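Shown next, in structure tokens, is the structure this report addresses.
In the numbering used here, the protein residues as written are 5 to 370.
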């Protein structure tokens with residue numbers, strides 16, 4: 005237990021003010037769990053804690069109280085209602101057996117008028133508390149935002165993983181059936197292989213998204229025409245299965261570009277699969293190229309419905325699926341990051357009556 009004079013509020017104030025508080029105050033004891041005052045009560049005075057701990061709480065949602073701070077010996081509370089003459093804004097509850105000094109509002113106001121030092125102490129302590137509250141609020145807000153992102157992330161991933169896992173389970177059962185033919189087993193193997201590849205691509209997206217900073221991989225000079233031809237050869241069989249035709253409107257220029265072939269391939273895969281998703285009945289993906297003195301331009305266009313103008317501002321934001329039935333919502337965000345890691349740019353173009361068009365620029369290696 006402390007003496008009243010040891011309170012930070014009364015530090016270095018004239019002795020007559022301390023004596024006045026001692027003479028006109030009331031000492032009160034509260035057992036654990038006792039409500040000292042509730043939010044909405046009349047602000048009739050200020051409390052100084054001599055012993056014990058007091059929890060200051062407020063209702064943040066219907067029926068849910070949150071402890072804003074825990075105050076101990078030497079601290080004070082209830083000053084806001086005195087300063088603004090408004091009802092109590094929070095609830096004070098004794099956390100342990102506590103002894104308090106209660107000073108009526110009129111006595112505190114009189115001391116504020118007669119002692120600048122007392123007024124300064126009150127304002128200083130109030131400022132310290134406000135700064136501390138702001139710091140804790142920001143920390144909690146940042147933590148809440150992180151948890152919200154993780155929650156959206158988890159919901160998206162769990163939902164997207166369910167479908168390929170269900171297909172793998174079903175195909176495994178078919179392959180393991182006693183009467184399964186070699187054709188059935190081979191078909192099941194192919195289905196499982198495709199779903200494993202799909203899961204692998206999704207995991208790669210997660211790794212790209214959680215990278216959080218520019219890639220530290222070294223970019224190496226690569227012939228762009230050879231890179232594009234390898235990409236086309238790899239994707240043609242998959243496109244044919246889905247009735248999608250991959251067309252090179254002109255041949256890619258045989259120029260040297262600094263790139264990471266694996267990551268840039270991932271970016272093109274994301275763009276191509278976005279196009280396939282919006283063309284379930286088949287269609288065309290058209291590539292066109294041009295080169296200037298310092299830049300290489302690649303344009304990817306599909307024959308889908310195009311990009312609605314209202315989604316353009318958020319097109320590259322994470323988790324933006326824009327109504328797609330599947331996908332993590334990370335594909336375009338990852339594309340942008342990969343292209344920018346290659347010191348390039350990517351942006352959409354909208355032309356009335358045409359599908360989605362993405363324009364990519366990459367610096368030439370000279």
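No residue lacks a Cβ here, since even glycine has one placed at the ideal position from N, Cα and C. Owing to the predicted nature of the structure, the values given are computational and were not obtained by experimental measurement.
| Check | Outcome |
| --- | --- |
| Is the number of C-beta pairs between the region 281-297 and the region 254-261 that are closer than 8 Å three or more? | yes |
| Under 7 Å between the Cβ atoms of residue 74 and residue 55? | no |
| Tell me where the alpha helix (DSSP H) around residue 335 begins and ends. | 335-345 |
| Mapping DSSP to helix, strand and coil, what is residue 289? | strand |
| What are the start and end residues of the alpha helix (DSSP H) that includes residue 88? | 83-88 |
| Go ahead and label residue 81 buried or exposed: buried means 16 or more other beta carbons lie within 10 angstroms of its beta carbon, across all protein chains shown. | buried |
| Using CA atoms only, rank isn't needed, just tell me which of 355, 16, 322 is closest to residue 126. | 16 |
| Whose CA, out of 271, 119, 146, lies closest to the CA of residue 350? | 271 |
| Just to confirm, is the Cβ distance from residue 195 to residue 179 under 7 Å? | no |
| With residue 227 as the anchor, note down where its alpha helix (DSSP H) starts and where it stops. | That residue, residue 227, is in no alpha helix (DSSP H); its beta strand (DSSP E) goes 224-227. |
| Is residue 359 closer than 7 Å to residue 314 when the C-beta atoms are compared? | no |
| In or out: residue 289 buried (at least 16 other Cβ within 10 Å) or exposed? | buried |
| DSSP three-state call for residue 6: helix, strand or coil? | coil |
| Where does residue 318 fall in DSSP's three states? | helix |
| Taking Cβ positions, are residue 97 and residue 146 nearer each other than 7 Å? | no |
| Does the beta-carbon distance from residue 101 to residue 32 come in below 7 Å? | no |
| Between the C-alpha atoms of residue 229 and residue 190, what's the straight-line distance to the nearest angstrom? | 35 Å |
| Give me the Cβ distance between residue 225 and residue 262, rounded to the nearest whole Å; I'm assuming they're in contact under 8 Å. | 6 Å |
| By alpha-carbon positions, which one of 24, 287, 69, 300 ends up nearest to residue 363? | 300 |
| DSSP three-state call for residue 127: helix, strand or coil? | helix |
| Which residues mark the beginning and the end of the alpha helix (DSSP H) in which residue 247 is found? | Note, residue 247: premise wrong, no alpha helix (DSSP H); not H, not E. |
| Count the other CB atoms within 10 Å of the CB of residue 113; is the residue buried (16 or more) or exposed (fewer)? | exposed |
| Taking the CB atoms as reference points, tell me whether residue 248 and residue 204 lie closer together than 7 Å. | no |
| Looking at the unbroken beta strand (DSSP E) that takes in residue 98, where does it start and where does it end? | 95-98 |
| Look at the alpha carbon of residue 123 and the alpha carbon of residue 342, and state the distance between them as a whole number of angstroms. | 58 Å |
| How many Å lie between residue 346 and residue 339 at the Cα? | 11 Å |
| Compute the beta-carbon to beta-carbon distance between residue 361 and residue 321, rounded to the nearest angstrom, for a pair I have assumed lies under 8 Å. | 19 Å between Cβ atoms; not a contact. |
| Going by the beta-carbon positions, is the gap between residue 134 and residue 83 smaller than 7 Å? | no |
| According to DSSP, simplified to helix, strand and coil, what is residue 299? | strand |
| Helix, strand or coil for residue 236 per DSSP? | helix |
| From which residue to which residue does the alpha helix (DSSP H) around residue 110 run? | 109-118 |
| Quick one, are the C-beta atoms of residue 119 and residue 21 less than 7 Å apart? | yes |
| Using 7 Å as the threshold, is the C-beta distance between residue 72 and residue 85 below it? | no |
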